[in-house]
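Asker: Chains as they are written, first to last, in the working numbering: chain A, 25 to 238; chain B, 25 to 238.
All residues carry an ideal CB built from backbone N, CA and C; glycine is no exception.
Quick caveat, the model's predicted, so the values are computed rather than measured.
Protein chains: 2
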Amino acid sequence: MVDLAVRRPGGRTARIRVAVLEATVSALIEHGYDGLTMERIADRAGVNKTTLYRRWGSRTGLVVDAVESYAAAQADIPDTGDIDEDLRRWARSIHTMLTGKVSGALVRAVFSAGDTAELRHLRQRFWLSRAVLVRPLVERAIIRGQLPPGTNIDEVIRHVGAPLYYRLLVLAEPLSVESADLAAAVTAAAAKAGVFIDKSAHPAHPATVARPKG
Amino acid sequence: MVDLAVRRPGGRTARIRVAVLEATVSALIEHGYDGLTMERIADRAGVNKTTLYRRWGSRTGLVVDAVESYAAAQADIPDTGDIDEDLRRWARSIHTMLTGKVSGALVRAVFSAGDTAELRHLRQRFWLSRAVLVRPLVERAIIRGQLPPGTNIDEVIRHVGAPLYYRLLVLAEPLSVESADLAAAVTAAAAKAGVFIDKSAHPAHPATVARPKG
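(1) Identify the contact partners of residue 183(B) in chain A, using a Cβ-Cβ distance below 7 Å as the criterion.
(2) What residues in its chain sit with their C-beta under 6 Å from that of residue 233(A), if we drop five residues either side in the sequence?
(3) Just checking: is the beta-carbon of residue 219(A) within a distance shorter than 9 Å of some beta-carbon in chain B?
(4) Have a look at residue 189(B) and residue 71(B) and give me their C-alpha separation to the nearest angstrom.
(5) My output table needs one value for residue 40(A): the three-state DSSP class, helix, strand or coil.
(6) What are the residues of the segment 120-144 of chain A that lie near chain B, defined by any Cβ-Cβ distance shorter than 8 Å?
(7) Around the Cβ of residue 124(A), are there at least 16 other Cβ atoms within 10 angstroms (buried) or fewer (exposed)?
(8) Quick check: the segment 200-220 of chain A against the segment 102-122 of chain A, are there 3 or more CB pairs under 8 Å?
(9) Just mark residue 73(A) as buried or exposed, buried being the case when its beta carbon has 16 or more other beta carbons within 10 Å.
(10) Any beta carbon from chain B within less than 9 Å of residue 241(A)'s own beta carbon?
(11) Between 157(A), 64(A), 85(A), which has its C-alpha nearest residue 146(A)'s C-alpha?
(12) Roughly how many angstroms separate the alpha carbons of residue 45(A) and residue 58(A), rounded to a whole number?
(13) Using beta-carbon positions only, say whether residue 144(B) and residue 96(B) come within less than 9 Å of one another.
(14) Quick one: residues in its chain with C-beta nearer than 7 Å to the C-beta of residue 222(A), no 5 flanking neighbours on either side, listed in chain order?
(15) Looking at the secondary structure, which residues open and close the alpha helix (DSSP H) in which residue 187(A) lies?
(16) Just how far apart, CA to CA, sit residue 183(A) and residue 186(B)?
(17) Ordered along the chain, which non-local residues of its own chain (more than five positions away) have a Cβ less than 6 Å from that of residue 206(B)?
(18) How would you label residue 179(B), buried or exposed, when you count the other beta carbons within 10 angstroms and need 16 or more for buried?
(19) Out of curiosity, what's the CA-to-CA distance linking residue 216(A) and residue 88(A)?
(20) Evaluate the contact criterion for the segment 196-206 of chain A versus the segment 114-122 of chain A: three or more CB pairs, one atom per stretch, below 8 Å.
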């Protein structure tokens, strides 16, 4: 059973939503994206297929909702007051997600299923639903003066996750906790050195700006 | 037509090898890994199927040889005397490969085709055939004193490529030259700061090592 770990306020509507989203994640893992049908989800959740169409419109809408909820539920956003430690814990939370039995299978189902417009959309939503949660981690470090102003927050987030997804999904290498710590340390060192400062907002070579004549 | 850009010494044997490897890459791009058959490769190269089995043993052996040759032919290893510039050029060469019409299609065929033991082997060989070529770039920087001794060379190489492969193959985002430059700059800054120094070889916290008593 997949646990979305979201708050479950009472009420039949809320209960059905959780049951359907859990059924969607389970079916996605078991049958893959291509084998995922509304029938299978309805059967598993014990609801009528028309309920799914009425609430989520389409299979894509339903899968996006399920994957977003799951991705957000898996995100463990640290706030230790120290950017090195925060990024290290965030990288370890990615590691835990990627190597988890259910969560890892879900990530594989979403990210290794081929290359269609629908899947690209789903991947973007997965990324965004987690980026929204983790952005404050980097923002707080800028406010505390641990990272320079103008730091491109989304690029920092991308660079923490990239080596982990790359190892697992591209190179198909085993994923160690050490590689999570390394990805965090690399990103933190570069961020502190100002490498992530947006060049468009802060000209890298102010000396090349034309000086007024006279 | 796929150009392996390898030296082609005269002789029928060498000519056949190049024709077969080019046919393999073309067929892989056109039909994908699952649709790749020895018949198709033999037809395209204008050779007998038995020739393929005699020289390469199996489909896997042939694909590994073709992909390795192609991956190596695409690698443009800079040597400018400056590690920042060398890593930037290397990242741009990855960018060129990933966005190239033929090379990008080949990378997709190798890295987005699912998750079998055979494909994992193929991906490892692809990575290794390029890593072998690019290692001297990092080694030279250590010798010149631009990077600290003990720097884990393979991790440096992984971290330059990771954000680019991640964007293209995992997030399915467009790949800009700026993102290549950023990946190189992030890795260079972290490498100079000593983040890639192998902790096993150089204890990070020597103070925690037990001191002799007395």
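Answerer: This is what the structure gives:
(1) Taking the first residue of the second sequence as 1, we reach residue 183(B) at position 159. Under the 7 Å cutoff, chain A gives 187, 210.
(2) Residue mapping note: residue 233(A) aligns to position 209 of the first sequence, counting from 1. Caution applies to residue 233(A), whose pLDDT of 41 falls short of 50 and renders its modelled position unreliable; the value that the coordinates give is listed next. Nothing meets the Cβ criterion.
(3) Reading the first sequence from its first residue, position 195 is the one you call residue 219(A). Yes, contact with chain B.
(4) Walking along the second sequence from the start, residue 189(B) turns up at place 165. Walking along the second sequence from the start, residue 71(B) turns up at place 47. If I take the Cα positions, the gap works out to 35 Å.
(5) Start at 1 with the first residue of the first sequence, and residue 40(A) comes out as number 16. Correct three-state label for residue 40(A): helix.
(6) 132, 135, 136, 138, 139, 143, 144
(7) Walking along the first sequence from the start, residue 124(A) turns up at place 100. Exposed, because fewer than 16 other Cβ atoms sit within 10 Å of the Cβ of residue 124(A).
(8) yes
(9) Counting from 1 along the first sequence, the entry for residue 73(A) is found at position 49. So residue 73(A) ends up on the exposed side.
(10) Residue 241(A) falls outside the range modelled here, since chain A spans only 25 to 238, and no answer is possible.
(11) Looking up residue 146(A) in the first sequence gives position 122. The option with the nearest alpha carbon to residue 146(A) is 85(A).
(12) Taking the first sequence and counting its residues from 1, the one referred to as residue 45(A) is at position 21. Taking the first sequence and counting its residues from 1, the one referred to as residue 58(A) is at position 34. The straight-line gap from Cα to Cα measures roughly 17 Å.
(13) For this step, residue 144(B) is matched to residue 120 along the second sequence. For this step, residue 96(B) is matched to residue 72 along the second sequence. Contact: no.
(14) Here residue 222(A) is taken as the residue at index 198 of the first sequence, counted from 1. So the qualifying residues of the chain are 174, 176.
(15) Here the question's residue 187(A) lines up with position 163 in the first sequence. Unbroken alpha helix (DSSP H) run through residue 187(A): 177-189.
(16) Along the first sequence, read from residue 1 onward, the residue named residue 183(A) stands at position 159. Along the second sequence, read from residue 1 onward, the residue named residue 186(B) stands at position 162. Distance between the alpha carbons of residue 183(A) and residue 186(B): 8 Å.
(17) Here residue 206(B) is taken as the residue at index 182 of the second sequence, counted from 1. Hits under 6 Å: none found.
(18) Residue mapping note: residue 179(B) aligns to position 155 of the second sequence, counting from 1. Buried, since its Cβ has 16 or more Cβ neighbours within 10 Å.
(19) Residue 216(A) sits at position 192 when you count from the first residue of the first sequence. Residue 88(A) sits at position 64 when you count from the first residue of the first sequence. For residue 216(A) and residue 88(A), the distance between alpha carbons rounds to 35 Å.
(20) yes
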